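Here the protein sequences come in this chain order: V and G. Mapped onto the numbering used here, the consecutive letters of the first sequence carry residue numbers 208 to 847. Mapped onto the numbering used here, the consecutive letters of the second sequence carry residue numbers 208 to 847. Right, one structure below, let's go through it.
Number of protein chains: 2
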Amino acid sequence: MKTQHQASISAYKADGFIGKYQRLVKDVVIPYQYSVLCDQAPDTEKSHVISNFINAGKALRGDQIPEDGFYGMVFQDSDAAKWIEAAAYSLSLFPDEKLEKTVDELIDIIAAAQDEDGYLNTYYTIKDRDKRFTNLQEGHELYCSGHMMEAACAYYEATGKDKLLQVMLKNMEHIYRYFITEKHDGYPGHPEVELALLKLYRLSGNPHSLELAEHFINIRGVDPHFYEKEKAGRDWSVWNNDPTDTDYLQASAPVREQKDAVGHAVRAVYLYTAMADLAASTDDKELSAACRRLWESITRRRMYLTGGIGSTVIGEAFTVDYDLPNDTAYAETCAAIALIFFGSRMLENEVDGEYGDICERAFYNAVLAGMQLDGKRFFYVNPLEVIPGISGAAQTHKHDLPVRPKWYACACCPPNVARLVSSFGKYAYGENEDTAFCHLFAAGEVSLENGMKFTCETNYPYDFEILYRIEKGGNLALRIPGFSKTWQIDLNGRKLSQTDVTPKKGYVYLSVSDGDTVRLTLDGTPRFQYASSKVPELTGKTAVCRGPLVYCFEGVDNQDDILSLSLRKGGALNISDGQSALPEGTVTITADALRTQTTDDADLYTDKAPVTNSCQAVAVPYYTWGNRGENQMRVWMDYQ
Amino acid sequence: MKTQHQASISAYKADGFIGKYQRLVKDVVIPYQYSVLCDQAPDTEKSHVISNFINAGKALRGDQIPEDGFYGMVFQDSDAAKWIEAAAYSLSLFPDEKLEKTVDELIDIIAAAQDEDGYLNTYYTIKDRDKRFTNLQEGHELYCSGHMMEAACAYYEATGKDKLLQVMLKNMEHIYRYFITEKHDGYPGHPEVELALLKLYRLSGNPHSLELAEHFINIRGVDPHFYEKEKAGRDWSVWNNDPTDTDYLQASAPVREQKDAVGHAVRAVYLYTAMADLAASTDDKELSAACRRLWESITRRRMYLTGGIGSTVIGEAFTVDYDLPNDTAYAETCAAIALIFFGSRMLENEVDGEYGDICERAFYNAVLAGMQLDGKRFFYVNPLEVIPGISGAAQTHKHDLPVRPKWYACACCPPNVARLVSSFGKYAYGENEDTAFCHLFAAGEVSLENGMKFTCETNYPYDFEILYRIEKGGNLALRIPGFSKTWQIDLNGRKLSQTDVTPKKGYVYLSVSDGDTVRLTLDGTPRFQYASSKVPELTGKTAVCRGPLVYCFEGVDNQDDILSLSLRKGGALNISDGQSALPEGTVTITADALRTQTTDDADLYTDKAPVTNSCQAVAVPYYTWGNRGENQMRVWMDYQ
């Protein structure tokens, strides 16, 4: 059984750092993304998402549609789904009649694009209805259904309106009929529907939804040659993907036998998320053990310091252990988001601070870096080193851009950030019948289904005091982050001794009563980080962190040259504030450093040992990088 | 006019280090490669080169040939050409009736494969004669002709036999008619014929050969869209190469306007070699200046410490300035060989020690590393860091193999090494009417066309005394390598003062008489090397060199773990000998080092500063790496 489960979307009203981000998503990201879906955003690649749905509806009614009635990627529908999901979460935080009306209208359009039998996908409905489910490898129909199921659940949770939910239950039954009743072979090329079906099951109680999720998870990789056979019986292709690359598709072996995180990182971790959810929901120890192995494969051998995962652009994929290049990193924003999904479901199997540590690492670094501070531009790719002239320029670095572009033809990451930020409370807070779990530190008001209520006051991640004011008591489980080697808890102003509050697997458990105040004080001292010497790219390097934030050094703060800069071994790291043209409250770190004298010498190689001068180097939080124009950036620095 | 020119193939009878390599090429490489050409080498990919020529001859006579009469790459013929060239040079060093007979027979086969009009190419002759010269971008006909012209010149030089020379003069006239007389558009997709035509001109005096070389060089890039037009008029392709990627093809601008070394590295540098040759031959200052710019682009911004060039596998190409990754390096053996060709021709424009320095850097490191010490296996790709588990395994590192394979389907590098080693004297020694130029240090007997004769005694690159015994005197120009900050010259046992022998652009000039002895003593102290801080990959790193040799650290000498090893700043570098299961005489270097304690801690990242213990690290010459099984290797080491 689940140790605890995610808080509902209405459980958390945010304030502080998270609250500001949620407001930014509401004020800027959601309206902007909607304008993109409508093809009304200026200077932006055409999206056509809503037109696709309108045209699909017309096609179903036999109305005339233009020849280019469908435009975009085969998975274009999912942009609408992710936008609705983000808007739903946002609506539950910030009621907004106008936005709700917009969503309702979009849902009407979507509903009209559903076929009588429940099938829903604009690409196939417009282009070729006979090809449905004949290209599971590339076709993304189940992926799009999954996202729309998530949207339906979110919108129902946020508003109580069930139109989209009914559409997606009907769609689920259609998929059920095809794969279960009619016993068609195959499983999703891009996992996503599995985790969505589990959400749909939890919300609706419909047993077909659970059965279908279990089916897709259990059948995966049992026949690793399924996609080859599928392709052999087909005379068309979307991208000519290789059906024999079963690692890319997480289909080399049944999921319970998979040992290493492989292939397309988002696909992989969406799958693992569903596996962890199912394992907790059904108490499946074997599946849970497989999830744990895959979790360790990622977090102990295949993850960047920022929580970025999937280190290569080739297939947007995991590679091999310890292959973590800084400059050619892929580390897709969506993959880091998926890692948070996975961590959150692992917490439902076992409450262990490690999961929160990783979720936090991914959120405050790899995910937030994906969005410009003004919410208007986005990174897919999150390298840990950018050198203009090489990054974005050399063939091997084309994907590592020095500044965020506006929108992408493949627009998966921006709405994914929006939905994660808007539903942050689900990941920050968990509950079971008698306990409130504070997995992540998130200021605001919390009211849980188990009756507990409290507020959290903090300027985390820039301040390390977290104050909980208990309105309705019970048991409080507080995560002690791995980064905080020292910490203190005060209950109603009285310091608790370490014997009172011995942490169990990274959590302290307190019984709290109405009116209590609990103050958790963590260690916010900036610290150096070092990588395992098994990572070739990182030998001789150090990084600077504070709390959950990874810092980086940008040219703009460091005389436009960070390559001749190294940190001083054991040097001081001092926090400062407000020097850097970054938003108020952003804490920067000044580090004792050495700068190599550059000479006019044109030599590429020399036997003259570098001469260095002492200096101070300025670091800024990684998530803020690339907000002040194109310039150099490095997370991992040389030190001497 | 040329400052001086390469010595003839018969000018140098090698001894010492080079002599051993030339004998290895004769005893092992040439016979092995011939067995490959005949498809008689065991466990080796099929070559079919000689069968292709036989079948082409049959096809011309109207005889029946099998349906798969042609096998291999479109440029398969060039393997035969490079082998003949290597065999020719080897024959001039080591007369061998049996080998000469084998070459003669092969030449008969080749001659029989030449069409009546002079055309010679087995791919087109067997597969489709109508497609001749319709795919200059991919077709490699001119490339193959170029290599065969080089072979013809070499074999005539070595043996005085002119059968192949006549074949290739006829072939040249055919090309001349097509491109000059009949004014067909276009220029070679893979430059090579240009430098070969200049060789052919020098040997034969045939003015068409010079005119054709000039034409191809001058017309290149004048119409950057030529290949697009060519493709538009064609319904077939060999590889579907992109005709708009004019950088890949060095066709973005006329050659005199090209500023950066771009595109496929071998193509680029074969072109630059021909340009430098033509510039020196015709006293073309503008062309010479373009060559100098391209030379600087390579050697000051785009070259590995080893002399390897072309840092990316994508297009086997140059990338952008300072993009020199160690682990994903391409650094094709053939490209380093081409750099020596280019340097040697630059020396004909201007005698400057810089050219010899680079030729030596490339030869002793990037080129020699291409061949296993036993002459039986070869690398195309010469990375500066190899970590088994990542190298050869991760998608981005597939090309960086930890051990040398036997032979390749695309077998350009092995015979290229063979022909360079066998003709080393041409690059080591130059002459003009009154001076002998010692560009590289190469033990053996030298007798030049200008009448000078001397022997050179040295164990270079492991010993740094070079003794010249003059038999027939004249002027002697000795290069003082850039690595040797101190040096001394003794004439007949008397030390010359620095005022007697002030070097001019890296050369000292001495007048020597019959019977004189000249002893040059260079500095062979091991030294640390540092890279410009503009190279992101190399900040905080140092490498160890001695003389022209770059050293590397392999796991086998260093407890199977070089990643936790760093060198001590300013530490000692001591030479030692014979510990390393490498051939006798190989000097290793022991360096003061620090080893990071590894813990059982599974953490990928930690805030615990690494704890180090003093130790000694063993470095071996880079060219010897990968000869003792699969293990880690690093050139650039952390230091602290």
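Ideal placement from N, C-alpha and C gives every residue a C-beta, glycine not left out. Since the structure is predicted, the reported quantities are computational estimates derived from the model, not experimental observations.
For V:PRO828, there is no enclosing alpha helix (DSSP H); the enclosing beta strand (DSSP E) has its first and last residue at 819-828. In the structure shown, the three-state DSSP call for G:GLY577 is helix. Interface residue (Cβ-Cβ distance to chain V less than 7 Å): G:ALA601 is classified as such. Chain-ordered listing is empty here: chain G has no CB closer than 8 Å to the CB of V:MET553, the nearest sitting near 17 Å.
Collapsing the DSSP output to three states places V:GLU399 in coil. Sequence-distant partners of G:VAL757 (beyond 5 residues in either direction) whose C-beta falls short of 7 Å from its own C-beta, in its chain, are LEU512, THR513, ASN572, ALA750, TYR829 and VAL842. At a beta-carbon threshold of 8 Å, the residues of chain G lying near V:VAL527 are GLY596, ILE597, ALA600 and ALA601, ordered along the chain. Annotation: Cβ neighbours of G:ALA738 in chain V (cutoff 7 Å, chain order): LEU811 and TYR812. G:SER285 and G:TYR326 have their C-alpha atoms some 15 Å from each other.
In the displayed model, G:GLN804 falls within coil according to three-state DSSP, outside both helix and strand. Contact of V:LEU770 with chain G by beta-carbon distance below 7 Å involves SER740, LYS741, PRO743 and THR746. The closest CA to that of G:ILE687, considering only G:PRO755, G:GLN736, G:GLU652 and G:ALA625, is found on G:PRO755. By the CB criterion at 7 Å, G:GLN804 and G:VAL794 fall outside the cutoff. If you compare the alpha carbons of G:TYR846, G:LEU244 and G:GLY396 with that of G:ASN342, the shortest gap goes to G:GLY396. Contact annotation: G:THR665 and G:ILE677 have beta-carbon atoms that are not nearer than 7 Å. Between G:LEU745 and V:LYS815, the alpha-carbon positions lie close to 15 Å from each other.
Boundaries of the beta strand (DSSP E) around V:ALA738: 734-738. Listed in chain order, the non-local C-beta contacts of V:GLY658 below 6 Å within the same chain comprise LYS679, local neighbours out to five positions each way being set aside.
Neighbourhood of G:MET510 in chain V, by CB distance below 8 Å: LEU811, in chain order. Interface annotation, G:GLN847: in contact with chain V, CB-CB separation under 7 Å.
V:ASP607 counts as buried, since at least 16 other C-beta atoms from the protein chains shown sit within 10 angstroms of its C-beta.
When Cβ-Cβ separations below 7 Å define contact, G:ARG584 makes no contact with chain V. A Cβ-Cβ distance of about 11 Å is found for the pair V:GLY577 and V:VAL236, leaving them out of contact under the 8 Å criterion.
Scanning chain G for C-beta atoms nearer than 8 Å to the C-beta of V:SER773 yields THR746 and GLY747, reported in chain order. Note that the C-beta distance between G:CYS351 and G:PHE282 is below 7 Å. With contacts defined as CB atoms closer than 7 Å, G:ARG626 and G:LYS220 fail to qualify as a contacting pair.
Interface residue (Cβ-Cβ distance to chain V less than 7 Å): G:PRO612 is not classified as such. When the five nearest sequence neighbours on each side are left out, the beta carbons in the same chain lying within less than 7 Å of the beta carbon of V:MET553 are those of ALA483, CYS498, TRP502 and TYR562, in order along the chain. Look at G:ILE521: its C-beta is under 7 Å from a C-beta on chain V.
Within the DSSP secondary-structure output, V:SER773 pairs in a beta bridge with V:LEU801.
At a Cβ-Cβ threshold of 7 Å, G:ASN589 and G:ALA538 count as neighbours.
In this structure, V:HIS604 sits away from V:THR519, with a CB-CB distance that is not shorter than 7 Å. In the displayed model, V:ALA481 falls within a helix according to three-state DSSP.
CA-to-CA, the gap between G:LEU685 and G:ILE424 works out to about 33 Å. When G:TYR529, G:PRO431, G:LEU780 and G:LEU402 are compared, the shortest CA-CA separation from G:VAL473 is found for G:LEU402.
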